[in-house]
Every structure is written in C-alpha cells, then in structure tokens.
Amino acid sequence: MTRRLRIQDRIAIGALRGMVVVLLALLVWMVVFLLVQGWSELTRLAFYSSPPNIAGPGSGVGPQLFNTVYVLVLSMLFTVPLGLAGGIYFAEYAGTGRFTNLLRRASETLATLPSIVVGLFGYALFVQATHSHPSRLAAALSLTVINLPYMVRVSEDALRALPEGLREGSLALGATRSQTIARVLLPAAMPALITGVILAAGRVFGEAAAILFTGSNFALTAHSNYSLSPLDSGDTLAVDLYVFRTQAEPSAVPDARQYADGVAALLIVVVLLFNVGARALGRVAVRRGRHK
Amino acid sequence: MTIADSRTRPLALSPVPLPSPAPEPGPTDLAAAAEAKLSMRGFHAWYGDHLAVRNVDLDFVAGDITAIIGPSGCGKSTVLRSINRMNDMIDGFRAGGSIVLDGDDLLGPQCDVIAMRRRVGMLFQRPNPFPTSIFDNVAYGLRLAGRLPKPRLTEIVENALDRAALLDEVKDRMHKSALGLSGGQQQRLCLARALAVDPQVILMDEPCSALDPIATLRIEDLMRELRGSVTQIIVTHNMQQAARVSDRTAFMLMGEGRAGELVEVGPTIEVFRNPRDRRTEDYITGRFG
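So the protein lines, in turn, are chains A and B.
Taking the working numbering, I'd label the letters of the first sequence as residues -17 to 274.
Taking the working numbering, I'd label the letters of the second sequence as residues -6 to 282.
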C-alpha cells in the first residue's frame, strides 16, 4: 500500500517538475529568440537616436521610447490617486449595501473590457467629442480607464489585509477615520501599494490597442517628437511594432521586419529593467519605512 | 438591517423600549456609586435584533482597578467596548441606558467621541503597535491634537515610556521600528501610547491573553503603579489575575435569551471569599465556565 502511495507521489512530483521545465523552456526560448532576432538593431546606435519613418529605411525608436515613458507617467498621474481613492472608499467607507455592490460590479466589468473597446471608447470620448486630435493626454486617459479597476482592487486588498488592531488602536487614541487612514493605514499598506503601482505601470508598456486610436500618429510624421506637450501625438513602442509590421510598404521600407524585431527585443529589455528597478525601489521604501 | 439604517440612526437611542426600572435594586453598592468616576445605569446592548447585554448598573470608583469577569459570551467585552464607543463601527450595534463619565453621558448624541477617547484610553487583547518607530508610536496621540515643540514632545514621550516601565529598555533605539520589540514590550509600548495623552480612564480588554507569564506579571505591576492616578477597568478570563490585581470585581453571566447580565459586584476580596450569589461561587470555584 505505502509502496503504491510512494509511486503515486513520485509520479505527481515528476509531472509537476516536467510542467515547470516546459514553462521555463518556453519563456527562455521566447526571450532568447526575440533578443537574437533583434540583436543587430539593439547594437546599432542610430536605432536609438533616429526618429521612425514609415516611408523609408533606417527608422529608430528615439521618440517612441521617450513617448512610452511620457504616456506611462502621465497615465499613472491619473490612475494612482483615483485608484487609491476608490480602494479607500471600498475598504474603509462602503458597507455591504446594494449601491456598493453595484459599484463593485461596475468596477469588475470595467476590468474585463477588451482594451480595443476601451481604445475606441477613448477615441469617441477624448478625441472626437472634444474635437481634437489623438494626443498623449487622450492615450493616457484611455490607459487610465484600463488600469483603474486594477488599481482600485489592489488598494482595497492592501487595506483589507491590514490587521484590525491597527485601525482600532488609532481610533481608540482619538483619531478620526481620515486621520487613521492617512497616518496609520496607508503607510502600513505602502509595500503592497508600491507593488500594485509597479504592476499597473508595467501593463502600459504592453498596451497597444488602447493607444492606437487615441494617441498614435502612425509614424507618419517624420518629425522627432520629443516635445513635452501632452496634446501632441506620439507612438509608444508597442504601437510602433504594430504599425511597422502591418502598414509599411515592403518596397519603400525593406528593413521593416528587422526594425520591428529590434523594437520587440527592446520592449522585453525595458520591461525587464523596469520591473527589476521598481522592485528594488519598493524594497528601499519598505526598509526606510521600517527604520524611520 | 442595512448600513443606511445604522448610519442615520443615533446609536445611543434605542428603538426597542427599555424595560421599566428593575423592581429590585441592581447589585450596586451605594458606597461605590458615591465615589464613582464612571457610572453605568440601565445599560443594554444589541447586535442587530439580538440583545447581548441586559440592564447593567455598574460604578467604577475613581483610581480603582475594576475587573469584569465571566465566561465567554457573557457580554463583558461588549460592556467595556461600549464605554469608549468602539462598537460604533460594528453594523447593527446599538446601546441603550447611560454611561456617565464625570457628569457627561458618553452614549448621548452630544458626546464628542473623538474628544472622549482622549479621556478614555484602551489596551487591546493583542499588542497593536503601529509599524513606525517607538517614538512615533507614543507621540501618535499627541500629534493628532496638534503640533507641540519638539523638546516638549520628547519630554512627554519619555515620561509616558517611563510610566510604562519601558524607557530603560528602549531609550537607545527610540527611532527604531516598534515591531522589533517583544510581545510584552509591545504591550507596554501600547500602554505608554495610551498614557501619553493623559487619560483619566484606561480600558483593558484581556491585555495579557497574548503574553507569557512574566510579561503578564509586569503588566500587572504597572496596573498597581497606576492605581490612584488612573481609573482602570480590565476584562479578563483569568480569575487569578482578577484576584491579584483588582480592587473591585464584577461578575457577569449569560442569562435569559443569551443576554449577558451582571450577577454581582463588590470589593474583590468579598466577591472571591464570600460571594453573595450562588452562581458567582460556582464560577469562582470552577464548577463551570
């Protein structure tokens, strides 16, 4: 009997190991493949300095790289305060009434919307309805629509995970609820909040559909768009990848494939650097909080 | 009951009519009522439709330590947490009757709960220091009220830590995290935190149940030292602790309809040596509970 159990156990562990190996192999293969394919572009200096040009060879990612970071920061400026406010409301003020349920359902539905739908909605609302043109602001707002439910959820969970004793201890000393939230709960929830913000920000790198209609200029303008105005348009790396693989004329842009491979490799590298760097930042913040 | 109901209705006003005054006087002794810092009269408490505490009359003598003992579910924590209105946060909780501190009814609609909680401090079952420095923990209540000059703030913080017998152990690491302290030290830090705002009453909800015997004795020593300057009320499962530390003891029991009732109250020596009520005697001698 025990022999059979032991064999069963071995098979189970073996199967799990096998699956992990497959998973890892897939990941490594993908990353290596992308890096190898994009290597010639990644090592070409002009790749980083030139502007994109859909009408001719020799495109670069300079403006898109700048624009990606710009749109990311701009969208987080909306997402973080709004998401935090929503999370605080759900965790600390909303009870269990019908209105709260409705709000929660609405937030969850928003989270499941395909990003292409959000992009079209963003185009209708932020571009058409305001009689303007695609801009970084419109793109950032569309990204906020995508990330907001996630940020609300993360903030709510971070606050709910705190021990009840913190809340009671503060109130018992004569603090109001808002003092308790600002002085005890938010600082205590900071590590979880930082992780949530990082993950939300990371999604901006990969998002193309929501920006396609709201912020992109389809690499059509050859001007290098390093301007600081939120009302200017600009492609992000992910959008650029899409545009060059689908819109470039092979006769006019013979290196479109090569360029797109370079962008894909660069995206992988940037996301990796961003995650590692942001996590290190989070650790420092936690440590400082503990020793203060 | 929905949230909207419990929010809009003043918590202290009970929609259920209170029973007419008990025909026989409650087990309150007149001497205690005369010296009372805090008095409960006809106190009732409900969780939704369930009556959890029925008609409690209790006087807490100024400067004394009063222990509230009784088996689980007898309503002793509800009584304690109603004094500083900590139960207000619970959906559907309502309290009736009166709790008077120096002439102010704490259950009345005119009671400023925030200001009252500075007069009535609390120590919880589990030590609950904030995840900040030792200094910031003790300074928390002071900073809520407004800015103090740094030297004055430091003076008050050190004084509070001294009263909680913690200063010597932490004076070299005041700006290190409070979470690095042991459980017993954390509970003394929470006591210092409460003492820093100079409360007149301290409520203790089984303050030693998460501590080892040595840390427990240190807390009890501190309670004795604070006797006279602060009115202390301690809820405890531990009868030996009540006997060791308290001046007066109140015994509660679950009565009709699972509602907690006060069985008797008096000087601790009398309640333990010569209880008036048979049920008290049974509980103290370990026949149940």
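For every residue, glycine included, the Cβ atom is placed at its ideal position computed from N, Cα and C.
Please read all numbers here as calculations on a predicted model, not as lab measurements.
Can you name, in chain order, every residue of its own chain whose Cβ lies under 8 Å from the Cβ of C201(B), other than the five neighbours on each side?
Counting from one through the second sequence, the residue named residue 201(B) turns up at place 208. Correct list, in chain order: Q180, A208, T209, I212, E213, T229, N231, Q234.
Could you give the first and the last residue of the continuous alpha helix (DSSP H) run that contains S22(A)?
One-based indexing of the first sequence puts residue 22(A) at position 40. Per DSSP, S22(A) belongs to the alpha helix (DSSP H) from -16 to 24.
Of all Cβ atoms in chain A, is any one closer than 8 Å to the Cβ of G305(B)?
Because chain B is modelled from -6 through 282, residue 305(B) falls outside the range shown and cannot be assessed.
Kindly list, in the order they appear in chain A, the residues whose Cβ is closer than 9 Å to that of L137(B).
Locating residue 137(B) in the second sequence gives position 144, where the first residue counts as 1. Correct list: S152, L155, G156, A157, T158, Q161, R165.
Is it buried or exposed for A143(A), if we count other Cβ within 10 angstroms and need 16 for buried?
Position 161 of the first sequence holds residue 143(A). A143(A) should be labelled exposed.
Between G63(B) and the rest of its own chain, which residues show a CB-CB distance below 7 Å, the 5 nearest in sequence each way excluded?
In the second sequence, the residue the question calls residue 63(B) occupies position 70. Same-chain partners within the cutoff: K69, F244, M245, L246.
Using alpha carbons as the reference points, say which of E263(B), T242(B), V194(B), I262(B) lies closest to L255(B).
Sequence index remark: in the second sequence, residue 255(B) carries index 262 (1-based). For L255(B), the nearest C-alpha among the options comes from T242(B).
Could you list which residues in chain B have their beta carbon closer than 7 Å to that of G40(A), in chain order?
In the first sequence, the residue the question calls residue 40(A) occupies position 58. The premise fails here: G40(A) is roughly 55 Å from chain B at the closest Cβ pair, so nothing lies under 7 Å.
Could you give the DSSP three-state label for Q180(B): helix, strand or coil?
Counting from one through the second sequence, the residue named residue 180(B) turns up at place 187. Three-state DSSP puts Q180(B) in a helix.
What residues of chain A sit near V190(B), judged by a beta carbon separation below 9 Å?
Counting from 1 along the second sequence, the entry for residue 190(B) is found at position 197. Those within 9 Å of V190(B) in chain A are L155, G156.
Give the straight-line distance between the Cα atoms of G298(B) and L155(A), rounded to the nearest whole angstrom.
Limits of chain B in this structure are -6 at one end and 282 at the other, which puts residue 298(B) out of reach.
Tell me whether K164(B) sits in a helix, a strand or coil according to DSSP, three-state version.
Residue numbering aside, residue 164(B) sits at position 171 when the second sequence is read from its first letter. The answer is coil: DSSP assigns K164(B) none of H, G, I, E or B.
Put I58(B) into one of helix, strand or coil per three-state DSSP.
For the purposes of this step, residue 58(B) is taken as residue 65 along the second sequence, with counting starting at 1. DSSP places I58(B) in strand when its eight states are reduced to three.
Along chain B, which residues have their Cβ under 8 Å away from the Cβ of A170(A)?
On the first sequence, position 188 is the one that residue 170(A) refers to. Near A170(A) (Cβ distances below 8 Å), the residues of chain B are F123, P124.
Pull up the CB-CB distance for F72(A) and V134(A), whole angstroms please, since I reckon it's below 8 Å.
Translated into the one-based positions of the first sequence, residue 72(A) becomes position 90. Translated into the one-based positions of the first sequence, residue 134(A) becomes position 152. That pair is a contact at about 7 Å.
Cβ of I107(B) less than 8 Å from any chain A Cβ?
Along the second sequence, one-based indexing puts residue 107(B) at 114. Yes, contact with chain A.
Answer yes or no: does any C-beta atom of chain B fall closer than 8 Å to that of A204(A)?
Indexing the first sequence from 1 puts residue 204(A) at position 222. Since pLDDT at A204(A) reaches only 44, below the 50 mark, its modelled position is unreliable, and no value is offered.
Which ranges does the beta strand (DSSP E) cover as unbroken runs of at least 3 residues, wholly within the region 242 to 267 of chain B, from first to last along the chain?
Entirely contained in the region 242 to 267 of chain B, the beta strand (DSSP E) runs reaching 3 residues are, in chain order, 253 to 260.
Quick one, which of V258(B), R186(B), I76(B) has its alpha-carbon nearest R156(B)'s?
The residue you call residue 156(B) lines up with position 163 of the second sequence. Taking only the C-alpha atoms, the option nearest R156(B) is R186(B).
Any C-beta of chain B sitting closer than 8 Å to the C-beta of I(-11)(A)?
Taking the first sequence and counting its residues from 1, one reaches residue -11(A) at position 7. Chain B contact via Cβ: absent.
Going by C-alpha distance, which of D191(B), S170(B), P102(B), R140(B) is nearest N152(B)?
Reading the second sequence from its first residue, position 159 is the one you call residue 152(B). N152(B) has its Cα closest to that of D191(B), out of D191(B), S170(B), P102(B), R140(B).
With a threshold of 16 other CB atoms inside 10 Å of the CB of K143(B), please say whether the residue is buried or exposed.
If you number the second sequence from 1, residue 143(B) lands on position 150. So K143(B) ends up on the exposed side.
How many angstroms separate the CA atom of S114(A) from the CA atom of L167(A)?
Start at 1 with the first residue of the first sequence, and residue 114(A) comes out as number 132. Start at 1 with the first residue of the first sequence, and residue 167(A) comes out as number 185. Those two C-alpha atoms are separated by around 42 Å.
List the residues of chain A that F265(B) touches, going by C-beta distances under 9 Å, in chain order.
Taking the first residue of the second sequence as 1, we reach residue 265(B) at position 272. Correct list: empty, because the minimum Cβ distance to chain A is about 30 Å.
Closer than 8 Å, CB to CB, is L85(A) near chain B or not?
Translated into the one-based positions of the first sequence, residue 85(A) becomes position 103. With 8 Å as the cut-off, L85(A) does not count as an interface residue toward chain B.
Please classify R80(A) as buried or exposed, where buried requires at least 16 other C-beta atoms within 10 Å of its C-beta.
Here residue 80(A) refers to the residue found at position 98 when the first sequence is read from its first residue. Per the 10 Å Cβ criterion, exposed.
Who are the near neighbours of A182(A) in its chain, counting only those whose CB is closer than 7 Å to its CB and skipping five residues on each side?
Within the first sequence, residue 182(A) is the residue found at index 200, counting from 1. Within the same chain, A182(A) has close Cβ partners T61, N129, Y132, M133.
Excluding five sequence neighbours on each side, which residues of the same chain lie with their C-beta closer than 7 Å to the C-beta of R159(A)?
Your numbering for residue 159(A) matches position 177 in the first sequence. Closer than 7 Å at Cβ, skipping near neighbours: E74.
What residues from chain A crowd round G134(B), counting only those whose CB sits closer than 7 Å?
As a working mapping, residue 134(B) is identified with position 141 in the second sequence. Per Cβ cutoff of 7 Å: L155, G156.
Determine which residues of the region 98 to 111 of chain A have a Cβ less than 8 Å from any Cβ of chain B, and write them out in chain order.
Residues: none.
Thinking C-alpha only, which one of W39(B), D198(B), G173(B) is nearest R87(B)?
Taking the first residue of the second sequence as 1, we reach residue 87(B) at position 94. Selected option, being the one with the closest Cα: W39(B).
Going by C-alpha distance, which of Y133(B), S65(B), G173(B), R217(B) is nearest R165(A)?
Indexing the first sequence from 1 puts residue 165(A) at position 183. Comparing Cα-Cα distances from R165(A) to each of Y133(B), S65(B), G173(B), R217(B), the minimum goes to Y133(B).
Using C-beta distances below 6 Å, list every residue in its chain close to R111(B), excluding the 5 sequence neighbours before and after it, in chain order.
By 1-based counting over the second sequence, the position of residue 111(B) is 118. Excluding positions up to five away in sequence, the list reads V190.
At what residue ranges does the region 75 to 123 of chain A contain a whole run of the alpha helix (DSSP H), taking only runs of 4 or more?
For the region 75 to 123 of chain A, whole alpha helix (DSSP H) runs of length 4 or above, ordered along the chain, are 80 to 94, 97 to 104.
Could you have a look at N121(B) and say whether DSSP puts it in helix, strand or coil?
On the second sequence, residue 121(B) is found 128 positions in, with the first residue counted as 1. Coil.
State the Cα-Cα distance for the pair L230(A) and V100(A), rounded to the nearest angstrom.
Against the first sequence, residue 230(A) aligns to sequence position 248. Against the first sequence, residue 100(A) aligns to sequence position 118. The sequence shown places Ala at residue 230(A), rather than the Leu named in the question. Straight-line Cα distance between these residues: approximately 26 Å.
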